[in-house]
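Residue numbers (the working numbering): 821 to 917. A virtual CB, placed ideally from N, CA and C, is assigned to each residue, including glycine. In this text the structure is predicted, and so the values were computed from the model without any measurement.
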Amino acid sequence: MNGRCLGLGIVILALSSCVIPVDYDKDDYRPRERGRSACVDEAHERGYRNVDVESVQAVDPGIWEVMMHGRGPTGRDVKLSCEYNVRLRRASVGPVD
821 MNGRCLGLGI VILALSSCVI PVDYDKDDYR PRERGRSACV DEAHERGYRN VDVESVQAVD
881 PGIWEVMMHG RGPTGRDVKL SCEYNVRLRR ASVGPVD
């Protein structure tokens, strides 16, 4: 009896450690990485090249600020700031003055 209970307990423990979020990509499980990726993509869409991420910080719950450095459409080096909204999944990029 004790062997069965012990075996059942081990099986339950092993199965409980295998839990994966149902919709891993759609539940914003990794908002920092998603914000970084979305901001780099948005910078590329706006014509910036050689974009390097310098920092990623949470500003408010659900809002991440990404500081980047890249080359503008004119060929000049530009420092960029991007704000990523987790709920809306929207990134907005602009040069830092």
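Close beta carbons around residue i, own chain, < 8 Å, minus the five adjacent residues each side
i, result
"residue 882", "851, 905, 906, 907"
"residue 863", "871, 888, 890, 900, 902, 913"
Length of the line joining the Cα atoms of residue i and residue j
i, j, result
"residue 855", "residue 829", "40 Å"
"residue 892", "residue 876", "21 Å"
"residue 873", "residue 822", "56 Å"
"residue 917", "residue 897", "13 Å"
"residue 857", "residue 899", "17 Å"
Sub-8 Å separation of residue i and residue j beta-carbons
i, j, result
"residue 868", "residue 895", "no"
"residue 879", "residue 902", "no"
The beta strand (DSSP E) enclosing residue i, as first and last residue numbers
i, result
"residue 913", "910-915"
Residues near residue i in its chain [Cβ-Cβ closer than 7 Å; skip 5 each side]
i, result
"residue 866", "913"
TODO: Identify every run of the beta strand (DSSP E) within the segment 826-906, keeping only runs that are complete inside it and at least 3 residues long; order them along the chain.
DONE: 869-880, 883-891, 897-905
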